[in-house]
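Quick notes on the structure that follows.
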Amino acid sequence: MMSVIRGIIILHLVSFCFSSETTKSVSMRTGNQLAVLRFEGWAISDPLTEFLTEELRETIRELGIFQVQDRGLTNEINIFYPRKKDYWACWSQECAIDLGKRLNVNYVIAGNIQKKEDNEFLISGRLFSVDMETMLNEFAMNSSGLTDSLLLEMKKMAYNVSGLPVPDTLSVGTDTSEVAITGDIDRKREWFKLPSIPTKIKALMMSTAIPGSGQIWVHRKYPGYGFMGTEATLGLAALISYYQYNKAWGGFEKNYDSYQDGTDPHDLEGLRPKVIQYAADSRRYNSFMKSIRGVAASIWIVNMAHAYLVAPSDDYFDGEYFFDLEYNPDVNQIQFNFNF
Amino acid sequence: MSIRYNSISIFSFIKVLGLTLVILSFSCEDAEYELDNPFDPSNMDLDPPALFFHPPEISANVGDAISVELYGLKLNPAAAAHLDIRYDWGSVTVDSVVPGPFFTGTNPPMEITVDEQGILDVFIYYLPDMDSDQSQGGTWSIATVYFSTISTGESELLYGPNTTLRDENNALVTINDYGSGYINVE
Chain U
94 MMSVIRGIII LHLVSFCFSS ETTKSVSMRT GNQLAVLRFE GWAISDPLTE
144 FLTEELRETI RELGIFQVQD RGLTNEINIF YPRKKDYWAC WSQECAIDLG
194 KRLNVNYVIA GNIQKKEDNE FLISGRLFSV DMETMLNEFA MNSSGLTDSL
244 LLEMKKMAYN VSGLPVPDTL SVGTDTSEVA ITGDIDRKRE WFKLPSIPTK
294 IKALMMSTAI PGSGQIWVHR KYPGYGFMGT EATLGLAALI SYYQYNKAWG
344 GFEKNYDSYQ DGTDPHDLEG LRPKVIQYAA DSRRYNSFMK SIRGVAASIW
394 IVNMAHAYLV APSDDYFDGE YFFDLEYNPD VNQIQFNFNF
Chain Z
1344 MSIRYNSISI FSFIKVLGLT LVILSFSCED AEYELDNPFD PSNMDLDPPA
1394 LFFHPPEISA NVGDAISVEL YGLKLNPAAA AHLDIRYDWG SVTVDSVVPG
1444 PFFTGTNPPM EITVDEQGIL DVFIYYLPDM DSDQSQGGTW SIATVYFSTI
1494 STGESELLYG PNTTLRDENN ALVTINDYGS GYINVE
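The listed protein sequences correspond, in order, to chains U and Z. Under the working numbering, the residues of the first sequence are numbered 94 to 433, in order. Under the working numbering, the residues of the second sequence are numbered 1344 to 1529, in order.
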């Protein structure tokens, strides 16, 4: 009975967690993880460089070809391996691939934005494959405007990186026209879209539903599997205890009913010790289950807090879910997927 | 449609947490019982090995047929028994006596009854077989006495002083206690 109730709760949580992600049904994602390193700015301000890099990330993410690692995770490399700011001028193949491996992604984009003259900028970018340890493509674009023009160029670069043709309107339009174009490509059913949930909350909810899943989702796999394995072991022990308890309880009920209804002294004399024995067994297994429940609940709560703490405190992490409900057009069905 | 994610998240989180706590606080039932069946020999306040009447109290109307089992409680193995039963012969009469399973082995027991003015003597013998010369003992019915009620009144059932059990060597089998019975004819 406990397992049935838990199954219902998990299903409920899963459906809620992914209700805001139903637009995945039309996604073109290939499952490839991509990290966009912060572009190096030459003669332009840091905030503008960061803003343009984030614009590139967002556009690539919206195009859906790559799964773009969140800014928070990408920048974590700076926490673990603090270096000077020019570390981000990671222009060489070795440097980019080394960073890609540390970030556990399949592709890395590195680049820089140079100010040539007053209103002329050169944006250069390189796409590296971490798995193949090679540079796949190199892009360079000139911009003659300031912010708006740079934004356009970053969007064009996103199309190039994703291997998609740059729309004509994007080439000649203004910033306003781009929004419409992006909306056309997105093909999302806006009327059904729920507001996005922050990564920390989402990780917390996932770990609440399935212990460790939130950690796995934010790429903390070892703690995640640890929590999952521990809870699974405790669950198995509880299941075995419950089976034993159920057996003892069944014996108790059967013999106690017979004892209460019985009239033959010989039968009653035989039933009495059985009732006592089964009652003692059921109490023992119930007590064991309560102990397991207490331990499991404590670990569960620690797991929830841990998931919340280790999740990046950023905008909206776009990683691969540990479990996922996704529409598969090939079989015209909604499928439940696990990603180990 | 304007929905703030914070509201949704917090509401759902509280809902999930509440459900989780409900599940966690749910536990299996502990076995509670009372072994107070009046026919349970442990509740008869007898010191075994003992003989008692089952049921100990009977209410009946005039003309009814009733039966009482002569029961042994934790008796040692025995080969024969002489049960001296005292009853109110003005209120009930003995119709028949049927041996119970106590002396029943491979062969059915041999039984002799003598009923004389309120004294019923029941002689029961274990018939030896290839395995044993006596019963295995325990808590079993030795015999069942069938009465008919003939007039209103209260009749007490007692084991008389001649009641004895003997084993295969003709030695007396210890009986520590005797129960009594009660027949109320209305």
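Idealized CB from N, CA, C, for every residue including glycine.
Whole-angstrom distance between U:Phe381 and Z:His1397, CA atom to CA atom:
42 Å
What's the call for U:Lys194, buried or exposed, on a 16-neighbour Cβ count within 10 Å?
exposed
Extent of the continuous beta strand (DSSP E) run through U:Met234
227–236
My parser needs the beta strand (DSSP E) runs of 3 or more residues fully inside the stretch 1404–1457 of chain Z; what are they?
1408–1418, 1423–1429, 1435–1442
Assigned secondary structure, Z:Tyr1469 (DSSP; H/G/I helix, E/B strand, else coil)
coil
Which chain U residues sit within Cβ distance under 7 Å of Z:Ser1385?
Arg365
With burial defined as no fewer than 16 other Cβ atoms inside 10 Å of the residue's Cβ, what is the status of U:Lys209: buried or exposed?
exposed
Once you ignore the five residues that flank Z:Gly1496 on each side, which residues in its own chain have a CB closer than 6 Å to its CB?
Ser1434, Val1528
For U:Thr356 and chain Z, any beta-carbon pair shorter than 7 Å?
yes
Residues within the stretch 365–387 of chain U neighbouring chain Z, beta-carbon criterion of under 9 Å
Arg365, Val368, Ile369, Tyr371, Ala372, Ala373, Asp374, Ser375, Arg376, Tyr378, Asn379, Ser380, Met382, Lys383, Arg386, Gly387
Given 8 Å, three or more beta-carbon pairs between the stretch 144–160 of chain U and the stretch 245–254 of chain U:
yes
For Z:Tyr1376, which of helix, strand or coil comes out of DSSP?
coil
Going along chain Z in order, which residues have a C-beta closer than 9 Å to the C-beta of U:Glu362?
Asp1383, Pro1384, Ser1385, Leu1416, Lys1417, Gly1481, Thr1482
Contained alpha helix (DSSP H) runs [length at least 4] in the stretch 325–403 of chain U, N- to C-terminal order
358–403
Taking its Cβ as the centre, do 16 or more other Cβ atoms sit within 10 Å of U:Ala273, making it buried, or is it exposed?
Low local confidence applies: a pLDDT of 37 at U:Ala273 is under 50, so the model's placement there is unreliable, with the coordinate-based value given in what follows. The residue in question, U:Ala273, is exposed, as its Cβ has fewer than 16 Cβ neighbours within 10 Å.
For U:Phe232 and chain Z, any beta-carbon pair shorter than 7 Å?
no
Please state if the CB of Z:Gln1479 and the CB of Z:Glu1511 are separated by a distance shorter than 7 Å.
no
Compare the C-beta of Z:Leu1378 against all C-beta atoms of chain U and say whether one is closer than 7 Å.
yes
Of all the residues that make up the stretch 329–351 of chain U, which are near chain Z by a beta-carbon distance shorter than 9 Å?
Tyr335, Tyr338, Asn339, Ala341, Trp342, Phe345, Glu346, Tyr349
Is it buried or exposed, Z:Pro1392, if we count other Cβ atoms within 10 angstroms and call 16 or more buried?
buried
Whole angstroms is fine: what's the gap from Z:Leu1515's alpha carbon to Z:Ile1467's?
15 Å
Boundaries (first-last residue) of the alpha helix (DSSP H) holding U:Ile309:
306–310
Kindly indicate which three-state DSSP category U:Thr301 falls into: helix, strand or coil?
helix
Consider the C-beta atom of Z:Glu1375 and the heavy atoms of the ligand ZN; say whether any pair is separated by less than 6 Å.
No copy of the ligand ZN occurs in the structure displayed, which carries no ligand at all.
Residues in the same chain with beta-carbon distance under 7 Å from Z:Val1437, minus the five sequence neighbours each way, listed in chain order, please.
Asp1458, Leu1463, Val1488, Phe1490
DSSP-derived helix/strand/coil call for U:Ala136:
coil
Contacts that U:Phe399 makes with chain Z (C-beta to C-beta distance below 9 Å)
The amino acid at residue 399 of chain U is misidentified as Phe; the sequence shows His. Within chain Z, no residue comes near U:His399; the closest Cβ sits about 16 Å away, beyond 9 Å.
Measuring only between beta-carbons, confirm whether Z:Asp1510 sits less than 7 Å from chain U.
no
Is it buried or exposed, U:Thr227, if we count other Cβ atoms within 10 angstroms and call 16 or more buried?
exposed
Are three or more beta carbon pairs between the stretch 1497–1508 of chain Z and the stretch 1439–1457 of chain Z nearer than 8 Å?
no
By a C-beta neighbour count over all protein chains shown, 10 Å radius and 16 as the cutoff for buried, is U:Tyr335 buried or exposed?
buried
Might you give, ordered along the chain, the residues of its own chain that have their beta carbon closer than 7 Å to the beta carbon of U:Met397, omitting 5 neighbours on each side?
Leu297, Ser300, Thr301
Since U:His359 meets chain Z, which of its residues come closer than 9 Å, beta carbon to beta carbon?
Pro1384, Tyr1414, Pro1444, Gly1481, Thr1482, Trp1483, Ser1484
Does the CB of Z:Asp1373 have a neighbour CB from chain U at under 7 Å?
yes
C-beta atoms of U:Ile290 and U:Ala330 nearer than 7 Å:
no
Between which two residues does the beta strand (DSSP E) carrying U:Ile206 extend?
200–210
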